[in-house]
Amino acid sequence: MAVPHPQLPGAAPRRHAHLHFSRQSMQTVILGIVASLGDAMSQHYRMSRERGHRLRLLDMTGARTAILEQGPDAMSALSRTVTLAKACIELSKRRRSEATQAAKRRRGDGNSAPVPPPPPDSACVVEVRVDLYVNSTSFSVLREALQASVHGPLRLRCRDLRAKELSLRRTVALLELLEPAGVRQIDLSFNNLGLEGLNAVLPAMARFHALRSLQLPYSNVDLRRPTPDMEDATRRFAALLAQLKSLQELNLGSSRLSGWLQRVLGCLQEPLESLELAFCFLLPADFYYLSRSLHSSALKKVDLSGTRLSELLLPPFQQLLAAVSSSLLHLDVMECHLTDSALSALAPALCRCSRLRYLGLFSNPLSSGGLRTLLQDFLGLRELRLVVYPYPVDCCGEGLDWSDLYGEPADRLIDQEKLARFSAELQERLARAERTDVVWTTDMCHHRNLDYLNL
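In our numbering, the protein residues as written are 6 to 460.
Right, dumping it as structure tokens:
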């Protein structure tokens, strides 16, 4: 079921509905809206006195989560957005046509007065709150729909926007068309904007006063070889981030930030609660800054995947764990080259994170013995619900190295009998400890990690 959207400022309570989503039900709902609004417009322009209870507000947010739960029969985010956009355009054209026909009829009666458009709170308007997905293929139709939506019968109100592989110009144009109230997340993954491009996009977000989450992974930011121009651009980026007063989640995945984290986050006046720094080439100085920053006591979600947690980084990482121990719910350290000895050194700090619910350990060279020890250590973490662990190195096929497991289908390289015995042993240990509420799994697809906005 969709999560109720907060009431927009100044709006009166309206009749609304929340729906489950599948391909068939989504198409049925959108066709139903088109038919209902078409009816309402025809009655309005014919001055019909027939009025009834009509839908005013439809909340379609949360469909992305529902689709993940429903499986392959569900409508994709892109198809859903395009279908809704086309409905918005169709209804706007029909509205103009109905108004033109009504004007002609009135002129035929000797009345040349123009026909006013229906007021915003009339039966001819439905507000649809939705999470939008757009790429280079669907950009044009969504832009047209958002333009039509301003005064049209179907009003699109975006909650979460995911824009993939768009140019700088198109990204800014799209952001400028969104109604600012109610936008809580913007995801610009894989847009390759670079630091200068991000500095051109961020000013368009300043009017989104409820923006809580900003996703900027794979933005082609590399600060490892600084130049004077790069330093100026970084200062501007930090200042622009600070203008997003409600920001609580920031994803800078795959940005090469080596030693620059303090300068990137240093202007923020309010603490972040979710910080994703996967494959960011972090240095000890970045860890030490973060552990002493205003963010440390507020962080609920931390993603450090791809950070090589070698001996050099273990002490600052332990210090960071100590700093976030009272708030941390979600920790990703996948593909961090963690060995049994490193994990043993980190275990006391991890066990002090008493609120931890999720731990991602996939693609680390851990043995079954190291994982058994960790499971035993974690039995006291009463809120822990999901651990995604790697294929144990001792379950590799003969003559294979653990790193081979992640380049080929695992069923070709893993000794499936060993893995099955180990998995069964973990379940037995959890059952004996009366902790069957915890899932320990190597399956990353069917056990989704925690989304910060749903924590």
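Using N, Cα and C, we set each Cβ at its ideal position, and we do this for glycine too. Because the structure is a prediction, the values reported are computed rather than measured.
- The residue among 459, 306, 362 and 319 with its C-alpha nearest the C-alpha of residue 291 is 319.
- By the C-beta criterion, the region 234–254 is judged not to be in contact with the region 422–436, since fewer than 3 inter-stretch pairs fall below 8 Å.
- Runs of the alpha helix (DSSP H) spanning 4 or more residues and lying entirely within the region 321–365 occur at 345–356, in chain order.
- If you look at residue 443, you'll find it isn't in any alpha helix (DSSP H); DSSP assigns it neither H nor E.
- Taking 8 Å as the upper bound for CB-CB distance, residue 351 and residue 323 are in contact here, some 6 Å apart.
- Between residue 219 and residue 252, the beta carbon gap of about 6 Å places them in contact (Cβ cut-off 8 Å).
- Counting along the chain, no beta strand (DSSP E) covers residue 274, and no H or E run does either.
- Contact check for residue 97 against residue 158 passes: the beta carbons are separated by less than 8 Å.
- Rounded to the nearest whole angstrom, the C-alpha separation of residue 337 and residue 312 is 10 Å.
- In this structure, the alpha-carbon of residue 197 lies about 8 Å from that of residue 226.
- Restricting attention to beta strand (DSSP E) runs no shorter than 3 residues, the region 207–284 encloses them at 218–220, 254–256 and 279–281, ordered along the chain.
- Taking each of 376, 278, 241 and 65 in turn and checking the Cα distance to residue 164, the smallest one comes out for 65.
- For residue 423, the enclosing alpha helix (DSSP H) stretches over residues 421–437.
- Looking at the DSSP output, residue 99 sits in no beta bridge, so it has no partner there.
- Comparing alpha carbon positions, the residue from 436, 391 and 431 closest to residue 450 is 391.
- The C-beta distance from residue 360 to residue 388 rounds to 5 Å, short enough to fall under 8 Å.
- DSSP places residue 183 in no beta strand (DSSP E); its state is neither H nor E.
- Judged by DSSP secondary structure, residue 293 falls within the alpha helix (DSSP H) whose first and last residues are 289–297.
- A Cβ-Cβ separation of about 19 Å leaves residue 217 out of contact with residue 179 under the 8 Å criterion.
- The beta carbons of residue 397 and residue 371 sit closer together than 8 Å.
- With a 10 Å radius around the Cβ and a threshold of 16 neighbouring Cβ atoms, residue 63 comes out buried.
- In the displayed model, residue 394 falls within coil according to three-state DSSP, outside both helix and strand.
- Exclusion of the five residues before and after residue 438 leaves 384 as the residues of its chain whose Cβ lies within less than 6 Å of its Cβ.
- Just measuring C-alpha positions, the residue of 289, 168, 129 and 233 sitting nearest residue 137 is 168.
- Residue 256 is a Cβ neighbour of residue 281, given a cutoff of 8 Å.
- At a Cβ-Cβ threshold of 8 Å, residue 166 and residue 133 do not count as neighbours.
- Per DSSP, reduced to three states, the secondary structure at residue 304 is coil, with no helix or strand assignment.
- In this structure, the beta-carbon distance from residue 233 to residue 214 does not fall below 8 Å.
- Sixteen is the threshold: when 16 or more other Cβ atoms of the shown chains lie within 10 Å of the Cβ of residue 321, as they do, the residue is buried.
- Between residue 139 and residue 91 the beta-carbon gap is near 14 Å, outside 8 Å, which marks them as no contact.
- Short of 6 Å from the beta carbon of residue 266, and not among the five residues preceding or following it, lie these beta carbons of its own chain, in chain order: 291 and 294.
- As a beta-bridge residue in DSSP terms, residue 168 pairs with 139.
- At the C-beta level, residue 330 and residue 297 stay beyond 8 Å of one another.
- In the displayed model, residue 317 falls within coil according to three-state DSSP, outside both helix and strand.
- Measuring C-alpha to C-alpha distances from residue 258 to each of 193, 325 and 85 identifies 193 as the nearest.
- Using a 10 angstroms sphere on the CB of residue 380, the tally of other CB atoms reaches 16 or more, which defines it as buried.
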